[in-house]
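**Student:** Be aware that the sequence shown starts at 43, since it is given in my numbering, and climbs by one per residue.
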Amino acid sequence: MECDKCQKMQKNRAFCYFCGAVQRLPMCAQCGKQKCIPKGDCVVKHGSAHVTGLAMVGAICDFCEAWVCHGLTCLQTHACSCPMQDSICVECHRDISEHGGRMFTCAFCAKHLCGDDQFEHQASCQRLESETFKCPSCNRIGSNACMRCKAVFCDEHAKRKGFKYAPGQPIPCPKCGHPLDQAFCLSISTRQYAFGRQRQILDEEGEWGDYSVYDDDDQADEASSEEDEEGEDENNVVAAMGKIDLHGREQ
Numbered sequence: 043m044e045c046d047k048c049q050k051m052q053k054n055r056a057f058c059y060f061c062g063a064v065q066r067l068p069m070c071a072q073c074g075k076q077k078c079i080p081k082g083d084c085v086v087k088h089g090s091a092h093v094t095g096l097a098m099v100g101a102i103c104d105f106c107e108a109w110v111c112h113g114l115t116c117l118q119t120h121a122c123s124c125p126m127q128d129s130i131c132v133e134c135h136r137d138i139s140e141h142g143g144r145m146f147t148c149a150f151c152a153k154h155l156c157g158d159d160q161f162e163h164q165a166s167c168q169r170l171e172s173e174t175f176k177c178p179s180c181n182r183i184g185s186n187a188c189m190r191c192k193a194v195f196c197d198e199h200a201k202r203k204g205f206k207y208a209p210g211q212p213i214p215c216p217k218c219g220h221p222l223d224q225a226f227c228l229s230i231s232t233r234q235y236a237f238g239r240q241r242q243i244l245d246e247e248g249e250w251g252d253y254s255v256y257d258d259d260d261q262a263d264e265a266s267s268e269e270d271e272e273g274e275d276e277n278n279v280v281a282a283m284g285k286i287d288l289h290g291r292e293q
């Protein structure tokens, strides 16, 4: 949608994320209509007149914070099928009402991410928990990788016995059911890398920061050590100059 006040494009929501303005013509998140006809399954009866605006609204979804019209079908079905039910960021553990932004899905593990952590998470998601690419069941080199469990399975243990697999569909993980990927198609690493906000350390004052490990004491120690080294160099130069006479011969 486009906000009527700040003219910024965003997802369909009850309130603008940027300026907090209410939509002039609310749109139902389930059926997409902006005008309710009198012959619908309306919970609030409005006679033979068409209604628009807030008169058409019946609720606000608790998950996606979008308008839902007062139709009985939309009120009963939207909350059960809302794609934002489990929209909690896997990195910062915030839902959509706390960070107020869009939700993303990781391209590797298919978990929800907020706009602040999507790049850092996906940059470090292609890794394994173990130090090798061996199957945890038979200790052989595997080629079927589950990026949600962070493990690689061989062809024998990737499929469960007695389970029918759909032809042409990716094999689900035997542990979590996430579709397996071919390890040679991904740049999988066995080392863990931390980027951006993943490197933040809580300091003594309770503040977060990328450079919180470099406090004033460390900087003062580094400055004093540099001054000591410069003083020693000057003393060595003076001592060497004192051993040389005017004719260029050492004493």
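The beta carbon of each residue, even a glycine, is placed where N, CA and C say it ideally should be.
Report the rounded CA-to-CA distance for residue 191 versus residue 70, giving the unit in angstroms.
**Tutor:** Locating residue 191 in the sequence shown gives position 149, counting from the first residue. Locating residue 70 in the sequence shown gives position 28, counting from the first residue. Using only the alpha carbons, I get a separation of about 37 Å.
**Student:** Given that a residue counts as buried once 16 or more other Cβ atoms are within 10 Å of its Cβ, and exposed if not, what is residue 126?
**Tutor:** Translated into the one-based positions of the sequence shown, residue 126 becomes position 84. Buried.
**Student:** Does DSSP classify residue 254 as helix, strand or coil?
**Tutor:** Locating residue 254 in the sequence shown gives position 212, counting from the first residue. Model confidence at residue 254 stands at a pLDDT of 47, short of 50, so the residue's coordinates are unreliable and nothing is read from them.
**Student:** What are the boundary residues of the alpha helix (DSSP H) that residue 161 is part of?
**Tutor:** As a first step, residue 161 is located in the sequence shown; it is residue number 119 there, counting from the start. Its alpha helix (DSSP H) spans residues 160 to 165.
**Student:** Do residue 214 and residue 222 count as a contact pair if the criterion is CB distance below 8 Å?
**Tutor:** Residue 222 sits at position 180 when you count from the first residue of the sequence shown. Residue 214 sits at position 172 when you count from the first residue of the sequence shown. A contact, by the Cβ cut-off of 8 Å.
**Student:** Among 135, 58 and 89, which one has its Cα closest to the Cα of residue 109?
**Tutor:** Position 67 of the sequence shown, counted from the start, is the residue given in the question as residue 109. The shortest C-alpha separation from residue 109 is found at 58.
**Student:** Grouping DSSP H, G and I as helix and E and B as strand, with all else coil, what is residue 186?
**Tutor:** Stepping through the sequence shown from its first residue, residue 186 is reached at position 144. Here residue 186 sits in strand by DSSP.
**Student:** Exposed or buried, which one is residue 86 when buried takes at least 16 other CB atoms within 10 Å?
**Tutor:** Mapped onto the sequence shown, residue 86 falls at position 44. Exposed: under 16 other Cβ atoms inside 10 Å.
**Student:** Taking the alpha carbon of residue 61 as the point to measure from, which residue in 157, 46 and 103 has its own alpha carbon closest?
**Tutor:** For the purposes of this step, residue 61 is taken as the residue at position 19 of the sequence shown. Closest option to residue 61, Cα to Cα, is 46.
**Student:** Between which residues of its own chain and residue 131 is the CB-CB distance below 7 Å, once the five residues before and five after are set aside?
**Tutor:** The sequence position of residue 131 within the sequence shown is 89, counting from 1. Once the five neighbours on either side are set aside, the close Cβ partners of residue 131 are 154, 155, 156 and 159.
**Student:** What number of angstroms, rounded off, separates the C-alpha of residue 146 from the C-alpha of residue 179?
**Tutor:** Walking along the sequence shown from the start, residue 146 turns up at place 104. Walking along the sequence shown from the start, residue 179 turns up at place 137. Each residue's alpha carbon lies about 33 Å from the other.
**Student:** Could you tell me the alpha carbon to alpha carbon distance between residue 96 and residue 137, rounded to whole angstroms?
**Tutor:** Position 54 of the sequence shown, counting from 1, holds the residue named residue 96. Position 95 of the sequence shown, counting from 1, holds the residue named residue 137. Rounded to whole angstroms, residue 96 to residue 137 spans 26 Å at the Cα level.
**Student:** Going by other Cβ atoms of all chains shown within 10 Å of its Cβ, with 16 needed for buried, is residue 89 buried or exposed?
**Tutor:** What you label residue 89 is simply residue 47 of the sequence shown in a count that begins at 1. Exposed, by the Cβ-count rule.
**Student:** Bridge partners of residue 132, per DSSP?
**Tutor:** Here residue 132 refers to the residue found at position 90 of the sequence shown. Note: residue 132 sits in no beta bridge, so no partner.
**Student:** Is residue 154 helix, strand or coil by DSSP?
**Tutor:** For the purposes of this step, residue 154 is identified with residue 112 of the sequence shown, where counting begins at 1. Residue state, collapsed to three classes: strand.
**Student:** Can you check DSSP and say which residues form a bridge with residue 215?
**Tutor:** Translated into positions along the sequence shown, residue 215 becomes position 173. The partner list for residue 215 (beta bridge, DSSP) is empty, contrary to what the question assumes.
**Student:** Please go through the same chain and pick out, in chain order, the residues whose beta-carbon is closer than 6 Å to the beta-carbon of residue 77, but skip the five residues on each side of it.
**Tutor:** Counting from 1 along the sequence shown, the entry for residue 77 is found at position 35. Same-chain partners within the cutoff: 92 and 94.
**Student:** Beta-carbon within less than 7 Å of residue 115's beta-carbon, same chain only, minus the 5 sequence neighbours each way: which residues are those?
**Tutor:** For the purposes of this step, residue 115 is identified with residue 73 of the sequence shown, where counting begins at 1. So the qualifying residues of the chain are 83.
**Student:** Excluding five sequence neighbours on each side, which residues of the same chain lie with their C-beta closer than 8 Å to the C-beta of residue 43?
**Tutor:** Here residue 43 is taken as the residue at index 1 of the sequence shown, counted from 1. These residues qualify, in order along the chain: 51, 52, 53, 54, 55, 65 and 69.
**Student:** Would you mind giving the Cβ-Cβ distance between residue 225 and residue 187, rounded to the nearest angstrom? I have them listed as a contact below 8 Å.
**Tutor:** The sequence position of residue 225 within the sequence shown is 183, counting from 1. The sequence position of residue 187 within the sequence shown is 145, counting from 1. About 4 Å separates the two Cβ atoms, so the contact holds.
**Student:** With distances taken from CA atoms, which of 72, 196, 181 and 189 is nearest residue 171?
**Tutor:** Position 129 of the sequence shown, counting from 1, holds the residue named residue 171. The shortest C-alpha separation from residue 171 is found at 189.
**Student:** What span of residues does the beta strand (DSSP E) with residue 119 cover, start to end?
**Tutor:** In the sequence shown, residue 119 corresponds to position 77, counting from 1. No beta strand (DSSP E) holds residue 119; the alpha helix (DSSP H) holding it covers 114 to 123.
**Student:** Quick check on the DSSP output: the alpha helix (DSSP H) that includes residue 200 runs from which residue to which?
**Tutor:** On the sequence shown, position 158 is the one that residue 200 refers to. Taken as a continuous stretch (DSSP letters only), the alpha helix (DSSP H) holding residue 200 covers 197 to 200.
**Student:** Assuming residue 302 contacts residue 122 (C-beta within less than 8 Å), just tell me the rounded distance between them.
**Tutor:** A question about residue 302 goes unanswered here, because the residues of the chain that appear run from 43 up to 293.
**Student:** Closest to residue 144 by CA distance: which of 101, 48 and 106 is it?
**Tutor:** Stepping through the sequence shown from its first residue, residue 144 is reached at position 102. Cα-wise, what sits closest to residue 144 is 106.
**Student:** Roughly how many whole angstroms lie between the Cα atoms of residue 118 and residue 129?
**Tutor:** If you number the sequence shown from 1, residue 118 lands on position 76. If you number the sequence shown from 1, residue 129 lands on position 87. Straight-line Cα distance between these residues: approximately 20 Å.
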